[in-house]
Structures are given as C-alpha cells and as structure tokens.
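Under my numbering, the first residue of the sequence shown is numbered 200, with each subsequent residue one higher.
For every residue, glycine included, the Cβ atom is placed at its ideal position computed from N, Cα and C.
Some notes on the structure that comes next.
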Amino acid sequence: MFRFANPQYLWLLAAVPAFAALFAAAAVMRRRRLARFGCAETLRELMPDVSTGRTTMKFIVFCTAYALLALAAARPQFGSKLREEKAQGIEMIIAVDVSNSMLAEDFEPNRLERTKYAVDKLFDGLRNDRVGLVVFAGEPKVQLPVTSDYRMAKAFARRIDPSLVSVQGTAVGKALKQSLLAFSGSTEETRSRAIVLITDGENHEDDALAVAERAAAQGVRIYTIGIGTPEGAPIRIDGDFIRDEKGDMAVSKLNEEMLARIADITGGAYVRATKQSLGLDEIVKSINELEQSELATVRFEEYNERYQYLLAAALLLLCIEMLLLDRRNPLLARFNIFNEK
C-alpha cells in the first residue's frame with residue numbers, strides 16, 4: 200500500500216512548469232540581446248568558453264532536485280503491518296435507555312442528552328479497556344460492538360437518539376440479555392466483564408431480575424445508574440407533552456428499587472445520578488477494581504517512510520548543479536559531453 204503522509208506539499212510540483220517557462224523566456228531575451236552585437240556565428244567564435252548546453256543541463260538538474268524535494272516533503276510511505284498488542288483491562292458494555300421517558304427534563308437539557316455528555320467524558324478517561332454500546336427501549340440494539348477505539352466510541356455515543364430503536368417502551372431485561380451477548384469470546388472465562396446500565400428504571404415489559412441472576416452466574420457485574428427524580432417530570436416531544444389514556448400529562452419517575460436489586464444480585468453497585476454528576480466516575484472506580492484480563496488489541500503500525508531516499512537524491516543533484524560550471528571545462532572539452540560545436 201502506498202500513500203503520501205503530507206499530500207498538500209505535492210502542490211509544490213506546480214512550480215516546475217513555471218520554472219521552465221521562466222527559463223525559456225530568459226533564453227529568448229538572452230539571444231535577443233546578443234543579436235544586437237552581431238550574428239550568432241561571429242559571437243560564438245569570440246566567446247569560445249560559453250556553453251548553452253551546460254546552462255540547460257544545470258536547469259534540468261535543478262528542476263529535478265526541486266521535484267524530488269517536493270516529493271520528499273509529501274512523505275511517501277509504503278506498506279503497513281498489523282501487530283497485536285497485549286494489554287490488561289476489562290470489557291465494559293454501556294447500555295443506554297433511549298425510550299421516550301429519557302426525554303424528561305428533570306435533568307438539563309433532558310435525561311438522554313445529560314447521559315450522552317457523561318458517556319462522552321467517560322471515554323476520555325479509558326486507556327486499555329474495551330467498550331461497547333447498547334441502546335434500548337422496547338427492543339435492544341447493539342449501537343457499537345466491543346472495541347478499543349475510543350474515538351469511534353465517542354462518535355457513536357454522540358449519535359444516540361430515540362429514533363435508533365423503532366419499538367418504544369422500556370425492556371431492561373432484553374437490554375441486559377443483548378449486553379451479555381455483546382461481550383467478546385476472549386473474556387468468557389474471566390471476571391473482567393461489566394455492564395453499565397443507564398436508565399430511569401421504568402421497566403414495563405420483562406423480568407430484568409432473572410437476567411441479572413444469569414449475568415451473576417456468568418461472572419458479569421452490572422452497575423446501574425438511575426437518572427431522573429423520584430417525583431418525576433413530564434415528557435416533551437417536539438414541543439408537545441405526552442399524555443396518558445385519560446388525557447392527563449404523563450410523568451416519568453425514577454424507579455430505584457429495581458435498579459438497586461439488579462446491582463446487588465450481580466455484586467455491582469447502584470448510583471443515583473445528580474444534576475452535578477451522573478455517577479459514571481464512581482462506577483468506573485469500582486470497575487477498575489475488577490479482575491483484569493489480557494486483551495489482545497490489533498492496531499496498524501506506522502507506514503514505512505521512504506522520503507529519505509528522495510531527499511538524498513535531491514541533495515546529490517544540488518551538489519552536481521553547483522559543481523556544473525556555465526563555461527566549458529578545458530579538461531573535458533575533448534569528450535564533448537554536451538554535443539557542442
């Protein structure tokens with residue numbers, strides 16, 4: 200594979216045609232000036248050491264050296280290799296509730312936006328761990344498979360939105376099942392796996408506690424973060440508040456009891472989010488105390504640099520250009536290198 204690391208410097212090559220045009224114009228002006236003194240044949244006899252071929256050769260050598268310098272500045276690189284790095288860390292699946300209840304505004308600007316901001320900051324503090332993202336409402340969806348590319352993880356976290364899941368509702372149990380399936384096979388025999396569940400806890404559709412018991416049997420700890428307030432807040436979508444079947448304004452309240460029980464079953468921890476802190480920092484500190492496993496991370500090695508060869512050739516040509524005289528060298532005259540008459 201070939202590429203230029205700094206392709207913007209290739210624009211410097213556009214100067215080569217400009218140099219050629221200037222050189223040709225200078226040659227025409229030189230001939231016109233000499234013509235004022237007499238015919239070309241007579242002047243050639245009066246100036247036997249003048250060599251037009253050498254002047255042209257010096258120009259060609261200079262332009263070639265300049266082009267090589269421009270290509271060297273663009274840093275041509277060949278090939279790339281994959282290498283496997285070993286690092287101690289844990290695998291963490293972050294399951295984020297994207298149901299309509301997460302649009303409640305008891306957190307500014309709302310629960311979901313506050314969660315996205317905290318998750319984005321979480322990735323800034325990770326080093327050797329792997330992370331994955333699962334979003335859920337009535338159905339779960341793997342938003343990002345397990346990866347150690349935190350830049351990609353941040354990009355996917357910023358795109359979390361209720362529209363990612365077509366079925367509304369809050370199925371915490373299904374979300375936990377999907378999170379268990381999202382772990383990589385390399386950590387199945389270790390206790391270096393954790394799920395961070397961020398939700399308001401309003402589970403209406405399945406038995407999340409039974410899934411928590413399954414997770415505990417697999418050695419997976421679940422850390423839960425309850426976002427919202429016990430008194431709740433109305434849910435506004437596109438400027439309109441959601442209403443229930445009776446026409447009353449629907450209010451989403453935090454269900455702490457279920458979240459605390461899920462965490463307790465798996466040996467994790469429950470944290471209630473506040474307007475000052477979502478609680479992820481406290482959760483990460485607890486997760487860092489888990490048994491860490493050896494994770495294999497595949498990354499690209501840097502490309503092999505080849506600019507140094509072009510640079511060496513350019514410097515050699517510049518030295519030749521400086522040593523190449525405009526006048527004929529009497530010692531080399533008999534070889535007639537430039538086919539001069």
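query, result
"Alpha carbon of Tyr208 to alpha carbon of Tyr506, nearest angstrom", "13 Å"
"Euclidean distance between Cα positions of Gly438 and Leu311", "16 Å"
"Neighbourhood of Leu458 by C-beta distance below 6 Å, restricted to the same chain and skipping five residues each side", "Gly400, Thr423, Gly425, Tyr469"
"Test item: CB-CB of Ile359 and Val295 under 8 Å", "yes"
"Buried or exposed by the 16-neighbour rule on C-beta atoms within 10 Å, applied to Asn205", "exposed"
"Selection from Ala511, Ala472, Arg390, Ala407 that minimises the alpha carbon distance to Arg460", "Ala407"
"Exposure label - Ala513; buried when at least 16 CB within 10 Å", "buried"
"Completely contained beta strand (DSSP E) runs for the region 276-311, where each covers 3 or more residues", "281-288, 290-296"
"Where Lys257 sits in the DSSP three-state scheme", "helix"
"Ala449 and Ile434 closer than 8 Å at C-beta", "yes"
"Rounded straight-line distance, which links the Cα of Ser451 to that of Arg442", "11 Å"
"Beta-carbon spacing of Glu307, Ala432 below 8 Å", "no"
"Residue range of the unbroken alpha helix (DSSP H) whose run includes Tyr508", "506-522"
"Straight-line gap, Ser347 to Leu510 (C-alpha atoms, nearest Å)", "37 Å"
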